[in-house]
Amino acid sequence: MYDISQCWKTLEFIEYLLKTKSSTFIVDVCKYHHAEISQYAAQLLPTPSITTERYNIHKRYHRHLEDGIKTDAVSGWLLYASFYYVTGQFNVTLRLTDYVLSRCSPYMVPIGCQNYDDGHINYYRNHVHSTMTLHDKMGMAVVSNVKYVKHSSLIPKELQLEVKDQYICIPPIVMSHCLRFLCYHHIGNIFNRQQALRDLYLTGKGRNLMSVNTLSNSITILGVCFEISDDKDTAYQCYDEALKCDGFICIAAEARTSKLLTD
Numbered sequence: 002m003y004d005i006s007q008c009w010k011t012l013e014f015i016e017y018l019l020k021t022k023s024s025t026f027i028v029d030v031c032k033y034h035h036a037e038i039s040q041y042a043a044q045l046l047p048t049p050s051i052t053t054e055r056y057n058i059h060k061r062y063h064r065h066l067e068d069g070i071k072t073d074a075v076s077g078w079l080l081y082a083s084f085y086y087v088t089g090q091f092n093v094t095l096r097l098t099d100y101v102l103s104r105c106s107p108y109m110v111p112i113g114c115q116n117y118d119d120g121h122i123n124y125y126r127n128h129v130h131s132t133m134t135l136h137d138k139m140g141m142a143v144v145s146n147v148k149y150v151k152h153s154s155l156i157p158k159e160l161q162l163e164v165k166d167q168y169i170c171i172p173p174i175v176m177s178h179c180l181r182f183l184c185y186h187h188i189g190n191i192f193n194r195q196q197a198l199r200d201l202y203l204t205g206k207g208r209n210l211m212s213v214n215t216l217s218n219s220i221t222i223l224g225v226c227f228e229i230s231d232d233k234d235t236a237y238q239c240y241d242e243a244l245k246c247d248g249f250i251c252i253a254a255e256a257r258t259s260k261l262l263t264d
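Count along the sequence shown from 1, then add 1; that gives the number in this note's numbering.
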């Protein structure tokens, strides 16, 4: 969804269903989709840093973002962290990424995975029980990629090229370390910036909570962080590798490669 009015109409329809349905499962599914659409709606609002009607805009952001944290264990929290990053509240962003990283486990159940191994199944069995609602189960044991819609107002400005022509899905651990890197870069904490870059590199190497269709995006983001660190050679290697991945290819990697060669 790339139209805010369409998001609001969908949210209104889901709210109508919530009032008319009695099945606990159907109600929980509706709540999940309401939270998912709220994540999209938050990203289609005007840029949160602008001063015009700033209070009302931030109020709308918080309403959608607070609902958006109900989709799974971490993706909504990372969108909240992105909101605080683009509004320059770097210490809040760092606290939220700390929380996300504390929640992430390689055995959490990823949404959209075609084949779940024994680790995923055992983790789910050990962390949920039959009396829990679907919302509680999702928040306890399920993890989703962070989806930034096309022209998202919440994506860091350093990654706006990645959503110029399409949406992008980013693994939560990758986005957490990326946000930490960017925060420390703006704060001027070089030591922690390099540590965050190293953590991001090791995350990509370990492929934690990373599917074949998010690998190219993840390596491109790693390249962006290396480029910001003025390591253009390594950045170029990352972009080149991102273009050779199996599965979905991040088209922004090609644009970033061309830009490096012409600068």
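Every residue gets a Cβ at the ideal spot worked out from N, C-alpha and C, and that includes glycine. Here the structure is a predicted model, which means the values were calculated and not measured.
(message) Measuring alpha carbon to alpha carbon, tell me which residue in 21, 37, 141 and 24 is nearest residue 8.
(response) For the residues 21, 37, 141 and 24, the minimum Cα distance to residue 8 belongs to 37.
(message) Alpha carbons only, please: which of 83, 260, 203 and 230 is nearest the one belonging to residue 241?
(response) Across the set 83, 260, 203 and 230, the C-alpha of 260 shows the shortest separation from the C-alpha of residue 241.
(message) Using C-beta distances below 8 Å, list every residue in its chain close to residue 124, excluding the 5 sequence neighbours before and after it, in chain order.
(response) Around residue 124: 106, 108, 109, 110 and 142.
(request) Tell me where the beta strand (DSSP E) around residue 147 begins and ends. (result) Residues 147-149.
(message) Can you list, in chain order, the residues of its chain with a C-beta nearer than 6 Å to that of residue 39? Leave out the 5 residues immediately preceding and following it.
(response) Counting only Cβ-Cβ distances below 6 Å, and skipping sequence neighbours, we find 65, 68 and 69.
(message) Under 8 Å, with one C-beta from each stretch per pair, do the stretch 213-220 and the stretch 166-178 reach the 3-pair mark?
(response) Yes, they touch.
(request) Consult DSSP for residue 250 and reduce its assignment to one of helix, strand or coil. (result) Looking at residue 250 - three-state DSSP - the assignment turns out to be coil, as it is neither helix nor strand.
(message) Using only CA atoms, which one of 100, 231 and 90 lies nearest to residue 74?
(response) In this structure, 100 is the residue among 100, 231 and 90 with its C-alpha nearest to the C-alpha of residue 74.
(message) List, from N- to C-terminal side, the alpha helix (DSSP H) runs of 4 residues or more that fit wholly inside the stretch 140-212.
(response) Entirely contained in the stretch 140-212, the alpha helix (DSSP H) runs reaching 4 residues are, in chain order, 173-188 and 191-207.
(request) Could you check the C-alpha separation between residue 83 and residue 169 for me, to the nearest Å? (result) Going from the Cα of residue 83 to the Cα of residue 169 covers about 14 Å.
(request) Go ahead and label residue 77 buried or exposed: buried means 16 or more other beta carbons lie within 10 angstroms of its beta carbon, across all protein chains shown. (result) Its Cβ being crowded by 16 or more others within 10 Å, residue 77 is buried.
(message) Once DSSP output is grouped into helix, strand and coil, what is the label at residue 110?
(response) Assigned with DSSP and collapsed to three states, residue 110 falls in strand.
(message) Do residue 160 and residue 222 count as a contact pair if the criterion is CB distance below 8 Å?
(response) Here residue 222 is near residue 160, since their CB atoms are less than 8 Å apart.
(request) Closer than 6 Å by C-beta to residue 139: which residues in its own chain qualify, once you throw out the five before and the five after it? Chain order, please. (result) Here the set comprises 73.
(message) Taking the alpha helix (DSSP H) that residue 77 belongs to, which residues open and close that run?
(response) From DSSP, the alpha helix (DSSP H) with residue 77 extends over 76-87.
(message) Applying the 10 Å Cβ sphere with the 16-neighbour rule, what's the burial state of residue 53?
(response) For residue 53, the predicted model reports a pLDDT of 49, less than 50, meaning its position is unreliable; a value from the coordinates is still stated below. Exposed is the call here.
(request) Helix, strand or coil for residue 45, going by three-state DSSP, please let me know. (result) Look at residue 45 here: in three-state DSSP terms it is coil, with no helix or strand label.
(request) Give a yes or no on whether 8 Å exceeds the smallest Cβ distance from residue 44 to chain D. (result) Structure shown: chain D not included; a single protein chain is present.
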